[in-house]
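Here's the structure we're looking at; comments come further down.
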Amino acid sequence: METYKFDFPLKVSPFDFIVHEVAEFPEGDNYFLYKLVKRNLNSNDPYIVGYLKSLGVRDFGYAGLKDRYALTVQNVSLDRFVGKKLIRRELGKYFALLYVGKIRHKIRTGFLKGNRFFIRHHNRLFTTFGYSLNYYDSQRLGKNVARGRRFLKEKPSKKWERVFWVNSYQSFVWNLTAFEVLKLKIEEFNRRVGFEIVKPCRVEEGKVFHIFPCSRDKNALEDLLRELTKIRIPLVGYKVKLEPPVREIVERILSKGGVTVEDFRRWRLKGDYRPLAVEVGDIKRYPLSLRFFLPKGAFATVYIKLLWLWERFR
Numbered sequence: 068m069e070t071y072k073f074d075f076p077l078k079v080s081p082f083d084f085i086v087h088e089v090a091e092f093p094e095g096d097n098y099f100l101y102k103l104v105k106r107n108l109n110s111n112d113p114y115i116v117g118y119l120k121s122l123g124v125r126d127f128g129y130a131g132l133k134d135r136y137a138l139t140v141q142n143v144s145l146d147r148f149v150g151k152k153l154i155r156r157e158l159g160k161y162f163a164l165l166y167v168g169k170i171r172h173k174i175r176t177g178f179l180k181g182n183r184f185f186i187r188h189h190n191r192l193f194t195t196f197g198y199s200l201n202y203y204d205s206q207r208l209g210k211n212v213a214r215g216r217r218f219l220k221e222k223p224s225k226k227w228e229r230v231f232w233v234n235s236y237q238s239f240v241w242n243l244t245a246f247e248v249l250k251l252k253i254e255e256f257n258r259r260v261g262f263e264i265v266k267p268c269r270v271e272e273g274k275v276f277h278i279f280p281c282s283r284d285k286n287a288l289e290d291l292l293r294e295l296t297k298i299r300i301p302l303v304g305y306k307v308k309l310e311p312p313v314r315e316i317v318e319r320i321l322s323k324g325g326v327t328v329e330d331f332r333r334w335r336l337k338g339d340y341r342p343l344a345v346e347v348g349d350i351k352r353y354p355l356s357l358r359f360f361l362p363k364g365a366f367a368t369v370y371i372k373l374l375w376l377w378e379r380f381r
């Protein structure tokens, strides 16, 4: 399998990677809705949460964690009014809260529709695709995977960091499963066509890697990606049903890591299903940036890697 080292200058500056959250909220009077604008901070960073607590905020809600090394705009709910505009800066860190109005419920994941991205293209990435692989990327993986596997074997904890690490291991297992399913689907696709028009390629970024379909035929690649949107890969948990051939793939991955499904049961991780690919919407190229929309849970960095690989491979 051909291997490519990802070298696109993706996040040289936070302004290279801008994220706008898209969500809908029921009207009401129970919580205060704010736009959180941040740079070089996690959504639940102690710098943000600690300051809000000092203002008397006890209930801070958000639909998802946004990239730290980016300029992000997302919706948050507070149980207390903290003013129409609040700005904090310190040693490269920055966040602002802009008051929008009132909503009925505390913000949670279910309100999130997706995210609109503006990525600096550096006069590259001229070709776009209407679909993207739905892999987890380095923001979720990296060194968190080993920690998650270790803590999964220990006593369950409600500490946010440990739960996040265990979820990272779940994501890692999902990725490895998805890679194997993708290889099988590429073989099936080529058999239908009658020759090898698509093949798997490996893209590496540091210690994180992904398997992508490679082809010099854009239409064939687009057709395959469209087919992959119909496939759901299980995020392993004690309530998820594993059917062949996915069951054998997951069992092999877990066995190699010294983990069993019972470990997920102890942590009360039910599992879920996640599409192998997703549709990309609202695509537009500007002189400096590329705009596109992804449904919730999808990683923009994975889509950029797909576009980058097309440039390299063809």
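Just so you know, the sequence shown maps onto residues 68 to 381 in our numbering. Note that the Cβ used here is the ideal one computed from N, Cα and C, for glycine as well. Computed from a predicted structure; not experimentally measured.
Buried or exposed (CB count within 10 angstroms, at least 16 for buried), residue i
i      : result
ILE300 : buried
VAL79  : exposed
PHE178 : buried
GLU263 : exposed
LYS308 : exposed
ASN142 : buried
ASP126 : exposed
LEU335 : Position check: residue 335 holds Arg in this sequence, whereas Leu was assumed. Under this definition ARG335 is an exposed residue.
TYR122 : Note on identity: in this sequence residue 122 is Leu, with Tyr being the wrong assignment. With fewer than 16 other Cβ atoms within 10 Å, it is exposed.
Rounded C-alpha distance that separates residue i from residue j
i      : j      : result
LYS226 : GLU255 : 44 Å
VAL383 : GLY128 : Absent from the structure is residue 383, since the part of the chain shown begins at 68 and ends at 381.
ARG147 : THR176 : 21 Å
LEU145 : VAL260 : 55 Å
MET68  : ARG183 : 33 Å
LEU251 : LEU165 : 48 Å
VAL124 : GLU157 : 21 Å
SER235 : VAL212 : 5 Å
GLU294 : LEU77  : 28 Å
ASN111 : LEU132 : 7 Å
SER88  : VAL345 : In the sequence as displayed, the identity of residue 88 is Glu instead of Ser. When rounded, the distance between both Cα atoms is 17 Å.
PRO354 : ARG216 : 44 Å
Of the residues the options, the one placed nearest residue i, counting alpha carbons only
i      : options                        : result
LEU108 : ASP146, GLY209, ALA163, LYS252 : ALA163
ARG155 : LEU373, TYR118, ASP204         : TYR118
GLY197 : LEU158, ALA130, LEU291         : LEU291
ARG135 : VAL124, VAL265, LEU103, LEU153 : LEU103
CYS281 : GLN141, VAL345, GLU378, LEU243 : GLU378
PHE218 : ASN201, ARG319, GLY209, ARG229 : ARG229
Rounded Cβ spacing between residue i and residue j (contact assumed at less than 8 Å)
i      : j      : result
ALA137 : ILE174 : About 20 Å separates the two Cβ atoms, so there is no contact after all.
HIS172 : PRO93  : 6 Å
ARG358 : ILE350 : 7 Å
VAL270 : LEU376 : 6 Å
SER322 : PHE185 : That pair is no contact at about 43 Å.
VAL248 : ILE298 : 7 Å
In chain order, what are the residue ranges of uninterrupted alpha helix (DSSP H) at least 4 long that sit wholly in the segment 250-335?
285-295, 313-323, 328-333
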